Each structure stands twice: as C-alpha cells, then as structure tokens.
Amino acid sequence: MEISNPAAALGQQVGQFFEDELVRSLRPLIEDHGYSIGPEKLRNGTGNMYQIDAVIRDSEGMPVILIDPKYIRYTKHNRDKGSWLCTAHYNLRKTYPSIRKTIAVLAGRWSETSLALIRSFGVEVVLLDFDHLVSALKGSGIEFEWGEKDRDTPRQSLEKFTNLTMPDRAALAQNLDVQGKGFRTKKDTS
8 MEISNPAAAL GQQVGQFFED ELVRSLRPLI EDHGYSIGPE KLRNGTGNMY QIDAVIRDSE
68 GMPVILIDPK YIRYTKHNRD KGSWLCTAHY NLRKTYPSIR KTIAVLAGRW SETSLALIRS
128 FGVEVVLLDF DHLVSALKGS GIEFEWGEKD RDTPRQSLEK FTNLTMPDRA ALAQNLDVQG
188 KGFRTKKDTS
C-alpha cells in the first residue's frame, strides 16, 4: 500500500514511539511508589473529553499528575498543540483538585512564544531538543532531516522505522533516553 505522505506518517509513528517510550520508562518508578500510570480519557466539569497520554493516579485512584508528551516537526503546528495543552490541563485541574502537577514533555521544534504560553497556564515544560531526536534516529539508520521538497528521504526513513525489530527499537529508546539525556526543563531554558 502506497502512503500518500510518508513524512507525515513517519512523524506520527515517531511521535507515538516517543509517547509510548516515555510511559514505558516511567512505569516502574511510578508503580514502585504505589501509583499507576497510563493513557486515559478524562472529562472536565462541562463534559468535554480529553485524551491524556499519561495520567498518574494515587492509591485511591485519584489523578495527581498529567503528563502529555507531544512531538511536532514544524513550528507552524505550535499554536494548535500548545493551545490544546493549555486548555486541557487548565480545565482538568479545575475539575480534579487532586491534580498537583501537569507536565508537557515536548519534542521537536517549539517556539519560545508557544513555550511561554504553555507555561503561563501552569504547565511545566520539559523539552527534548530536536537535534537530539534527529541524532537518536540517525543512530538507528533513520534520516529525520530533509528538504521541504524531498520525497525520497521520508519514504526511505518511514520504511526503515516501520521495519525496526524489537531489539532495534530498544536501542533507539536507549539513544533517545527519555529519562534524561537531551531533555531541558523550564529552568534550563532562557
């Protein structure tokens, strides 16, 4: 089956891998402390439903931390994803007073304006540098930077990413190192 936009398809797969790997790497630490973590749909006080990629719940089952990993390749998508984070996290904090912290783990190219907006809504921001993401993928033989009109590189990279074996994915996760290397927090940015 021919994919009409391999660049977009690759971006979606890399974004999903990033989200899954973040939750997978945090799960042992979270569960060792008697909490649970996983994706959930949470409804706010006015009935709007939000899909949150990682909700940490306490031993009574109350949500205490929201973590949303988001990946974007192009800054033109900053406003859409950034506004969604602001709205969702703000509304859910109003509905669930048990939520003590909300975190956006962002990978890709985020503008300082969008980051400032997200932070102004009380969402802690943790960034994975785009160059680090590119380097981690390159370590697995996947080119992730290409010119705007280049159609071959995204197609080839999508094929390579799709065909990664479980050991290859584990190596990529190790290179990505979602628990530290490549990440900056609010304090580290200017």
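The numbering used here puts the first residue of the sequence shown at 8, with every later residue one more than the last.
Beta carbons: idealized from backbone N, C-alpha and C, even for Gly.
Computed from a prediction, not measured in an experiment: that's the story for all the values here.
Going by DSSP, name the residue or residues bridged to G89.
-> Note: G89 sits in no beta bridge, so no partner.
Of the listed residues T172, T160, E131 and A111, nearest to E26 (C-alpha basis) | Sorting T172, T160, E131 and A111 by C-alpha distance to the C-alpha of E26 places A111 at the top.
Is the CB-CB distance between L113 and V141 below 8 Å?
-> No, these two residues do not count as a Cβ contact at 8 Å.
Own chain partners of D60 with C-beta closer than 6 Å, once the 5 adjacent residues on each side are dropped | So the qualifying residues of the chain are E26, P46, D75 and P76.
7 Å CB neighbourhood of L6 in its chain, flanking five on each side removed = Beyond the ends of the chain as shown, which are 8 and 197, falls residue 6; an answer cannot be given.
Shorter than 8 Å from the beta carbon of N12 to some beta carbon of chain D?
-> Protein chain content of the structure displayed is limited to a single chain, and chain D is not contained in it.
CB-CB under 6 Å to T82, same chain, minus the five flanking residues each way: which ones, in chain order?
-> If the five residues before and after T82 are omitted, its C-beta is found closer than 6 Å to the C-beta atoms of R116 and S118, all from its own chain and listed in chain order.
Any alpha helix (DSSP H) of 4 or more consecutive residues that is wholly inside the segment 85–141 = Correct list: 85–102 and 119–127.
Which residues mark the beginning and the end of the beta strand (DSSP E) in which S43 is found?
-> Run containing S43: S43 to R50, per the beta strand (DSSP E) assignment.
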